[in-house]
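**Q**
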Amino acid sequence: MFPLPTSCIYIHTTKSCTLHLPAGTYKTTIIQISVSHADTKETVAEHLTGEHNAQFDHEAFLGKSESDKFDKLTPQEAKRRLGLIVDRIDTDKDGFVTEKELEAWVGHVGKRYIIDSVMRLAPHYDADGDDYITFDEYRKRAIREEIKDENAIYDTRYKISYKDMIKRKRKLFEAADLDGDKKLTKDELADFLHPEEAPHLKEMYVKNRMEDMDRNKDMFLTLSEYIEAEEVVVDVDEDLQEEFFRKVDAQLLSIDKFFSKEEVDLQFALSELEEQVMQVGMLSYRRAGKQRRVLKRALSETYLNLILLQNFQQLNHTGFRKILKKHDKLAQSSRGKAKFVQGVCRAHFWTSKKVTKMIEQAEKSMIQLEDGNRSKAMNRLRVPPLGTEHRRSHWTSYFAGLFSGLLILSIVVVCIAFSQWPTRSYADPHLEPSLRAMRAGLVLSIWFYGFAVNTFGWRRAGVNNVLIFEFNPRDYLNFVELFAVAGMISVIWITGLYLIAFAPWLHIPVYVGPLAMYGVLLSLLFLPLPVVRPRSRIWLLKRLGRIACAPFFPVTFADFWIADQLTSLSLAMLDTEYFFCYLFYGQIAPEGSTFSCGTGTYGLRVVVAVLPAWWRFAQCMRRYYDTKEANPHLINAGKYSTSFFVVVFSAVASTVIDGSLPFLEQSLLYLAIFCLWVLSAVVSTSYTFSWDILMDWSLFPNIPQRCCRKKALTMREERIYTYKFYYVLALVEDFLFRILWIFNLSVGNHVLKLVSNDIIATVAGVLE
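Numbering (full-length UniProt numbering), first residue to last: 1 to 768.
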């Protein structure tokens, strides 16, 4: 006896086993397998290093279905479950597993697999539902394709023809039919499907196996023939194959419908453009020039869609070919090849040549618009392959480095300048609002740097962000250009700080710095000239417009991604609102006015604070309107709606606390509003944190079932990172950021007079 370790299960024998075939089948055929006790250590070592088939051991010990589940478990969970199984194997409960107990368990697992297989396949073969299976019923289900040539190869591994296979199956069927009624019961079907487990069919099974393995048909089995025949082959059930080909047919039909629709739409669009190209020559010179530009853009977009549709043809054809080839390799069948030749290669999406002809027509039309200059026309139409990084000028890298260097140097200079400030300058009432306004530029530049790093990571990981964000493949910002944009924004921001730092010596108001920063940034964004990447700016403005009108437009990935980013940039939006409020009202308001731009008394600030949450709420409602799926869209909308109450109650509470209504400060009204603010913030934080870990990250699946059954909460089994520490760290970080509002609440409302509210907000905004 030996104690069975729960971390490594394997089957090993040290006994000699000799198999003698029945007389009359082959002249002399003996297979002898002998493993001595002396080489047991070497054998175990080979097993642990992968020489033995560990997957076979798992399936023998656990069963095929359980083995597949165990492969997806974490080592700790697998060890725990194996420990439970070992307790079941140890029938005498002596704490040890004997060889007989292990042998009995493996036999039990094998019988359980056979029973499950028969119960699953019996209804599949029983076409008339009489609980009996005839050979014709089995043949129609097992061999679905029409046999045109009986001598064609059925099993490519053993070179067995359809004729020989059917003959062999019929003999086995008759031998399994013990009562001779030419129908199989479920017990007889089990013997037929698994003859190796039926005593009266073992002789026939061994004979058939020997015929298969004897490649040269010399009536002897060599070691090389045996090893070649025993290579691992995946056994694919008939019903599983049937389900596979049903899905293949469904996908093929779906692809054909989509392709036909897109083909007709593009053909109609191209025909209209060709008619307009022919009419350009009849227009005046001025009108013809404008019309040419419009037609060039339209042809360029149509050509891009044609190229994408052509890629759609080729990629799906290649995908079908590879997956059907993989099926034939695993199932040792030629049915996948037949499906590919007779189905995929004859489908409309592959046989249609209209796309190629339309591409040629679009090229001819563009050449005509370029006055016969083919090179210029093709340069305008050329589309880089999706998923590849397009080339940019080396000047982009130069400016990215230049801006970064200027930023570092300027920060040092600004710090020195502030250290030399006259004492009286610190008393300037415009200093604090101006520095607060500059925070928006800092947050925006850091966000662009982060986006550039993300883009670089996506490209390295093979994520096609061009396709996901629906960028124009001919013209989009790569990560180097995004670094350059981030550097440019940083230089504009540091220039504003320059103006503040040197304001005492330049004799200018300090608010000129943030005013210049906002003026330059807004001018670059809305610049109506074809400079500074106009297409990218137009793309961004269109997306912002769609977000602002969220309920009235379908929501794309780029729309909700940018709207999500705006929720993190709410600090920059509030600072922008604060600066312009101060610029106009702070300067124009009469002396002694109690008006304050930073409190809830100014209604626009509340609107700006709630806008990001409203945009995401409206997008979720639009998604529900389009899909009619309450989960997750309505649940997600509920998450963002909790932010409305936080903003409203915080605005009212800050009005009371800041002294705008001093006579209410100690009243029950103040206490009630303060409690409502805290309650709404707790609900919002709990909602958003739960959404992060359960929906966005899916770290704890099936948590309701676990809670109802009082099971321990465990992390999901499939994870990208090996160590749980990364996920725990992410959970802690997310939780801290979600409750950061508590510290902001306590400090900002002077409940705890520890640190300036602006410092807390700056740190939180930058980290977020």
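Glycine residues also receive a C-beta, built at the ideal position from the N, C-alpha and C atoms. Keep in mind it's a predicted model, so treat the numbers as computed, not measured.
Buried or exposed for residue 539, please, with buried defined as at least 16 other CB atoms from any protein chain shown within 10 angstroms of its CB.
**A** With 16 or more Cβ atoms within 10 Å of its Cβ, residue 539 is classed as buried.
**Q** Helix, strand or coil for residue 500? Go by DSSP, reduced to three states.
**A** Helix at residue 500.
**Q** From the DSSP output, read off the bridge partner residues of residue 184.
**A** Answer is 133, bridged to residue 184.
**Q** State the Cα-Cα distance for the pair residue 632 and residue 510, rounded to the nearest angstrom.
**A** Roughly 49 Å separates the two Cα atoms.
**Q** Classify residue 249 as helix, strand or coil using the three-state DSSP reduction.
**A** Residue 249 falls in the helix class under three-state DSSP.
**Q** Going straight from the alpha carbon of residue 554 to that of residue 303, what length do you get?
**A** One C-alpha to the other measures close to 25 Å.
**Q** Is it true that the CB of residue 491 sits closer than 7 Å to the CB of residue 406?
**A** Yes, these two residues count as a Cβ contact at 7 Å.
**Q** How would you call residue 327, buried or exposed, if buried means at least 16 neighbouring beta carbons within 10 angstroms?
**A** Residue 327 is buried by the Cβ-count criterion.
**Q** Per DSSP, what are the beta-bridge partners of residue 472 in this structure?
**A** Partner(s): 475.
**Q** At which residues does the alpha helix (DSSP H) containing residue 372 begin and terminate?
**A** Where residue 372 is concerned, there is no enclosing alpha helix (DSSP H), given that its DSSP letter is neither H nor E.
**Q** Could you tell me if residue 607 is buried or exposed, where buried requires 16 or more neighbouring beta carbons within 10 angstroms of its beta carbon?
**A** Burial call: exposed.
**Q** Whole angstroms are fine: how far does the CA of residue 139 sit from the CA of residue 167?
**A** If I take the Cα positions, the gap works out to 11 Å.
**Q** Decide if residue 346 is buried, meaning its Cβ has at least 16 other Cβ atoms within 10 Å, or exposed.
**A** Exposed: under 16 other Cβ atoms inside 10 Å.
**Q** For the alpha helix (DSSP H) containing residue 197, name the first residue and the last one.
**A** Premise fails: residue 197 is in no alpha helix (DSSP H) and is neither H nor E.
**Q** Quick one: any contact between the stretch 611–627 and the stretch 561–576, if contact means 3 or more CB pairs under 8 Å?
**A** At 8 Å Cβ cutoff, the stretches touch.
**Q** Assuming residue 649 contacts residue 613 under a Cβ cut-off of 8 Å, what Cβ separation, rounded to an integer in Å, is found between them?
**A** Rounded, the Cβ-Cβ distance is 14 Å, inconsistent with contact.
**Q** Where does residue 408 land, buried or exposed, given buried means 16+ other C-beta within 10 angstroms?
**A** By the 10 Å Cβ count, residue 408 comes out exposed.
**Q** In this structure, does DSSP put residue 631 in helix, strand or coil?
**A** Three-state DSSP puts residue 631 in a helix.
**Q** In whole angstroms, what is the alpha-carbon distance linking residue 445 and residue 567?
**A** Their backbone Cα atoms lie some 16 Å apart in a straight line.
**Q** Return the residue from the list 184, 541, 258, 550 that minimises the CA-CA distance to residue 129.
**A** Selected option, being the one with the closest Cα: 184.
**Q** From 320, 316, 318, 300, pick the residue whose C-alpha is nearest to that of residue 364; which is it?
**A** Residue 300 is the option with its Cα nearest to residue 364.
**Q** Mark residue 366 as exposed unless 16 or more other C-beta atoms lie within 10 angstroms of its C-beta, in which case mark it buried.
**A** Counting Cβ neighbours within 10 Å, residue 366 comes out buried, since at least 16 surround it.
**Q** Say whether the stretch 432–448 touches the stretch 487–503, bearing in mind that this needs 3 or more beta-carbon pairs closer than 8 Å, one atom from each stretch.
**A** In short, these stretches touch, since the Cβ pair count reaches three.
**Q** Just confirm the distance between the C-beta atoms of residue 355 and residue 313, as a whole number of angstroms; I'd bet it's less than 8 Å.
**A** Indeed, because the Cβ distance is near 7 Å, the residues count as touching under 8 Å.
**Q** Return yes when the Cβ of residue 404 is within less than 7 Å of the Cβ of residue 487, no when it is not.
**A** Contact flag set, yes.
**Q** Hey, quick one: how far does the alpha helix (DSSP H) through residue 670 stretch, first residue to last?
**A** Element bounds for residue 670: 668–691.
**Q** Compute the Euclidean distance between the alpha carbons of residue 387 and residue 466, then round it to the nearest angstrom.
**A** Note that residue 387 has pLDDT 48, beneath the 50 cutoff, so the model's placement of it is unreliable and no number is given.
**Q** Does the beta-carbon distance from residue 456 to residue 471 come in below 7 Å?
**A** No, Cβ-Cβ distance for residue 456 and residue 471 is not below 7 Å.
**Q** Roughly how many angstroms separate the alpha carbons of residue 461 and residue 322, rounded to a whole number?
**A** Cα to Cα, the separation comes out at about 23 Å.
**Q** My understanding is that residue 769 touches residue 689, with C-beta atoms under 8 Å, so please give their C-beta distance in whole angstroms.
**A** Here the chain has residues from 1 to 768 only, and residue 769 is not among them.
**Q** Helix, strand or coil, according to DSSP, for residue 334 in the structure here?
**A** Correct three-state label for residue 334: coil.
**Q** Could you tell me the distance, in whole angstroms, from the CA atom of residue 223 to the CA atom of residue 306?
**A** Whole-angstrom Cα-Cα distance: 58 Å.
**Q** Please state whether the Cβ-Cβ distance between residue 87 and residue 97 is less than 7 Å.
**A** In this structure, residue 97 does not lie closer than 7 Å to residue 87 by Cβ.
**Q** By alpha-carbon positions, which one of 583, 141, 609 ends up nearest to residue 241?
**A** Residue 141 is the option with its Cα nearest to residue 241.
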